[in-house]
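Right, one structure below, let's go through it.
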Amino acid sequence: MLDIVFAKPALPKSGALVLPIVEGAALAGLAGALDAEMNGGLTRALEAASFKGKKGQSVTLWAPAGGITKLVVLGLGSAADAEKLGGSMIPAISGETTCTVATDGLSAGQAASLAMGAALRFYRFDRYRTMEKAEDKPKLTKLTVASVDAAAAKAAFAPMKAVAEGVFIARDLVSEPANVLNPVEFAERCRELEKLGLGIEILGPKDMKKLGFGALLGVAQGSINEPRMVVMRWNGSGKKKADKPVCFIGKGVTFDTGGISIKPAGGMEDMKWDMAGAGTVTGLMAALAGRKAKVDAVGIIGLVENMPGDNAQRPGDVVTSASGQTIEVINTDAEGRLVLADVIHYAIEKFDPRFMVDLATLTGAIIIALGHEHSGLFTNDDELAARITAAGLATGEAAWRMPLGEAYDKQIKSDIADMKNVGGRPGGSITAAQFIQRFVQGRPWAHLDIAGVAWSSKDSATIPKGATAYGVRLLDRMVADHYEG
Ligand code: BES
Ligand code: MN
Ligand code: ZN
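Each position in the sequence shown, counted from 1, maps to that position plus 9 in this note's numbering.
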């Protein structure tokens with residue numbers, strides 16, 4: 010995590026300086042002070058560059074005055090874009106060791122948002138880059154946010170920082186290769202979150218057998234890596250008798266070969282991300298604990314590896330889920346829903362949750378439907394739909410509601426069991442959601458199909474290329490807005 014400090018506005022004696030300028034605003038505060046020190050040189054430079062403070066505009070001056078090494082003037086557009094600006098300034102300053110960013114024109118909350126954007130963009134997964142030269146690595150070690158109300162900005166940043174830590178936990182987990190992060194290792198990493206005050210319980214195959222997890226265990230049986238289920242509990246309500254918990258459930262397929270219904274070779278490496286739902290739930294629980302959210306929450310993740318092998322399940326096998334419902338496994342590559350079926354049933358029986366939200370890289374079809382801009386939101390509850398949609402817009406993790414219905418449900422009727430695990434090509438994401446709905450016992454439930462948004466192939470303002478941790482911020486926000494206190 011980038012070291013971020015908040016201080017009263019003062020021109021730095023060394024390092025870089027970033028001046029965000031609201032569109033049309035005159036040079037004031039630190040910008041004005043620097044302009045004076047430069048005898049009007051900043052005004053002249055900005056005029057020469059036709060700089061108006063429009064979003065995305067930028068002007069760079071090297072060694073403008075005093076000991077300042079690099080000055081970056083950035084168009085902020087409006088103050089509401091502070092978080093994005095905080096992120097998009099990072100490439101321009103990561104080559105400097107220290108940097109001050111002036112937030113004169115911003116409120117304390119907006120200054121904190123700017124810091125959050127910077128922290129999120131500065132993330133890097135470089136554990137396996139052993140040959141990288143020092144000059145190719147980011148040098149930035151400290152960012153000073155210069156704010157008139159530094160104390161208030163610092164206080165506003167504290168909970169954001171905890172959420173950023175949760176985002177990084179999720180990004181780290183999703184980025185790890187599958188030879189390192191198998192179900193056993195994933196569970197061990199969850200164990201480390203006990204230090205945040207989370208209660209961690211890990212269940213193995215013997216426990217799952219006792220619980221009748223035939224659907225999850227059927228997926229796991231082709232791999233030498235044993236499955237795990239991790240239950241993470243956060244009791245933050247402070248009530249003697251805990252509230253009915255809110256419950257988050259994650260698909261954690263640490264690698265998805267497809268099993269006997271094996272996937273084609275091209276792009277199969279992407280399937281190390283098939284645990285992103287579980288990664289998000291883990292990061293979310295860390296965020297809630299880290300910021301001491303006043304809520305009782307449970308996160309449950311089902312961890313398996315989907316491999317072909319002499320003990321792998323076959324197309325046509327019938328398994329019995331923990332709910333007692335039987336499933337004809339037509340395609341062993343539709344494994345995520347099998348994992349979720351048992352974990353959801355367990356969540357209901359064990360925790361009687363207030364609602365459940367599951368996250369899963371469930372279908373390629375959702376990428377065809379929504380591309381990489383929205384997750385697919387499926388829910389039996391209009392209030393959850395509204396709250397998730399709103400939190401998604403507020404955090405930039407957009408979700409788009411998709412339909413459910415009887416007619417789609419018919420597509421997963423089986424000739425020999427209670428249901429089959431695929432419904433054919435039409436509406437592939439919807440029939441997958443219908444399958445999951447058969448295990449929720451009519452309770453308030455939402456399913457986020459995150460196959461298109463868990464990973465990004467290009468940098469954006471606050472998310473470097475790679476694992477996005479989609480859902481951590483969205484669900485943290487939904488909890489903060491509706492389920493605390
Ligand atoms: N993990 C995949 C879904 C996926 C595909 C995620 C591409 C990210 C990118 C899932 O387990 C899967 O294989 N789904 C199948 C379902 C089909 C067999 C009904 C799919 O989408 O092809
Ligand atoms: Mn699959
Ligand atoms: Zn999968």
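The C-beta atom is built at its ideal place from N, Cα and C for all residues, glycine as well.
* To do: Within the same chain, show all residues whose beta-carbon is closer than 7 Å to that of Ser246, passing over the 5 residues directly before and after it, in chain order.
  => Closer than 7 Å at Cβ, skipping near neighbours: Asp252, Lys303, Val304 and Asp305.
* To do: Check whether the region 201-218 touches the region 289-300, taking contact to mean three or more Cβ pairs, one atom from each stretch, closer than 8 Å.
  => Output reads yes: the region 289-300 touches the region 201-218.
* Asked: Based on the DSSP output, what are the partners of Thr335 in its beta bridges?
  -> Thr335 is bridged to Thr329.
* Asked: Does the distance from the CB of Arg133 to the CB of Ile99 come in under 8 Å?
  -> No, these two residues do not count as a Cβ contact at 8 Å.
* Asked: Are any of the Cβ atoms in chain D nearer than 8 Å to that of Lys260?
  -> In the structure shown, chain D cannot be found, because there is only a single protein chain.
* Of the listed residues Val189, Trp71, Ile209 and Glu415, nearest to Val307 (C-alpha basis) -> A check of alpha carbon separations from Val307 across Val189, Trp71, Ile209 and Glu415 identifies Ile209 as the nearest.
* Asked: His456 lies in the beta strand (DSSP E); which residues open and close that run?
  -> In this chain, the beta strand (DSSP E) harbouring His456 covers Trp454 to Asp458.
* Asked: Taking just the CA atoms, how far does Cys199 sit from Gly33?
  -> Rounded to whole angstroms, Gly33 to Cys199 spans 49 Å at the Cα level.
* CB-CB under 6 Å to Thr52, same chain, minus the five flanking residues each way: which ones, in chain order? -> For Thr52, where only same-chain residues beyond five positions count, the Cβ hits under 6 Å are Asp44.
* Asked: Under 8 Å between the Cβ atoms of Leu312 and Val239?
  -> Note that the C-beta distance between Leu312 and Val239 is below 8 Å.
* To do: Would you mind sorting Pro186 into buried or exposed? The rule is 16 or more other CB atoms within 10 Å of its CB.
  => That one is exposed.
* To do: Mind the definition here: the region 133-144 touches the region 45-65 only if three or more C-beta pairs lie below 8 Å; say whether that holds.
  => Counting C-beta pairs closer than 8 Å gives fewer than three between the region 133-144 and the region 45-65, which falls short of the contact rule.
* **Collapsed DSSP secondary structure at Phe444 in the structure displayed** => Three-state result, Phe444: helix.
* Whole-Å CB distance - Ala400 paired with Asp490, under 8 Å assumed -> Right, the Cβ-Cβ distance comes to about 6 Å (below 8 Å), so this counts as a contact.
* To do: Please name the residue, chosen from Ala155, Ile30 and Gly175, that lies closest to Asp485 on a Cα-to-Cα basis.
  => Nearest option by C-alpha distance: Gly175.
* To do: For the region 250-292, list the beta strand (DSSP E) runs that are entirely contained and at least 3 residues long, ordered along the chain.
  => Listed in chain order, the beta strand (DSSP E) runs fully inside the region 250-292 are 255-265, counting runs of at least 3 residues.
* **Whole-Å CB distance - Thr280 paired with Thr266, under 8 Å assumed** => Residue identity differs from the one stated: residue 280 is Met in this sequence, not Thr. Contact flag correct, Cβ pair sits at about 7 Å.
* Could you name the residues of the same chain whose beta carbon sits closer than 6 Å to that of Arg363, not counting the 5 residues immediately before and after it, in chain order? => Cβ neighbours of Arg363 beyond the five flanking positions: Lys253 and Val255.
* What whole-angstrom Cβ distance do Gln450 and Ile357 have, given they're in contact under 8 Å? -> Yes, Gln450 and Ile357 are in contact; Cβ-Cβ is about 6 Å, under 8 Å.
* Asked: If you draw a straight line from the alpha carbon of Asp319 to that of Ile269, how long is it in whole angstroms?
  -> In a straight line, the C-alpha of Asp319 is about 10 Å away from that of Ile269.
* Simplified DSSP assignment, three categories, for Val488 -> Secondary structure at Val488: helix, using DSSP grouped into helix, strand and coil.
* Every unbroken alpha helix (DSSP H) within the region 16-92, with a cutoff of 4 residues, ordered by chain -> Complete alpha helix (DSSP H) runs here, min 4: 38-46 and 50-57.
* Hey, out of Pro236, Ala19, Pro21 and Trp409, whose CA is closest to Ala378's CA? -> In this structure, Trp409 is the residue among Pro236, Ala19, Pro21 and Trp409 with its C-alpha nearest to the C-alpha of Ala378.
* To do: Can you give me the start and stop residues for the beta strand (DSSP E) that Ile2 sits inside?
  => Past the boundaries of the shown model lies residue 2; the chain is included only from 10 to 494, so the question cannot be answered.
* Asked: Would the beta-carbon of Gly259 fall within 8 Å of that of Val228?
  -> A distance of 8 Å or more separates the beta carbons of Gly259 and Val228.
* Between Gly345 and the ligand ZN, is the CB less than 7 Å from at least one heavy atom? -> Yes - the ligand ZN has a heavy atom lying nearer than 7 Å to the Cβ of Gly345.
* Closest Cα partner of Ala395 within the set Ala455, Lys272 and Glu314 -> Nearest to Ala395 by alpha-carbon distance, out of Ala455, Lys272 and Glu314, is Ala455.
* Is Thr370 near the ligand ZN, judged by its Cβ being under 7 Å from some heavy atom? -> The answer is yes for Thr370.
* To do: Measure the C-alpha to C-alpha separation of Met241 and Gly292 and round it to an integer number of angstroms.
  => So the alpha carbons of these two residues sit roughly 11 Å apart.
* Within its chain, find whatever has a CB closer than 7 Å to the CB of Ala407; leave out the 5 residues flanking it on each side and keep chain order. => For Ala407, where only same-chain residues beyond five positions count, the Cβ hits under 7 Å are Glu382, His383 and Gly401.
* Using the Cα positions of Pro435 and Gln334, report the straight-line distance between them to the nearest angstrom. => Going from the Cα of Pro435 to the Cα of Gln334 covers about 24 Å.
* Given 8 Å as the limit, is there contact between the region 84-96 and the region 118-126, that is, 3 or more CB pairs closer than that? -> With the cut-off at 8 Å, the region 84-96 and the region 118-126 touch.
* Tell me whether the beta-carbon of Thr150 lies closer than 8 Å to the beta-carbon of Thr106. => A Cβ-Cβ contact shorter than 8 Å links Thr150 with Thr106.
* **With 16 other Cβ atoms within 10 Å as the buried cut-off, status of Ile425** => Label assigned to Ile425: exposed.
* Asked: In or out: Ile233 buried (at least 16 other Cβ within 10 Å) or exposed?
  -> The residue in question, Ile233, is exposed, as its Cβ has fewer than 16 Cβ neighbours within 10 Å.
* **Straight-line Cα distance separating Gly432 from Met316** => Each residue's CA atom was taken as its position, placing Met316 and Gly432 some 22 Å apart.
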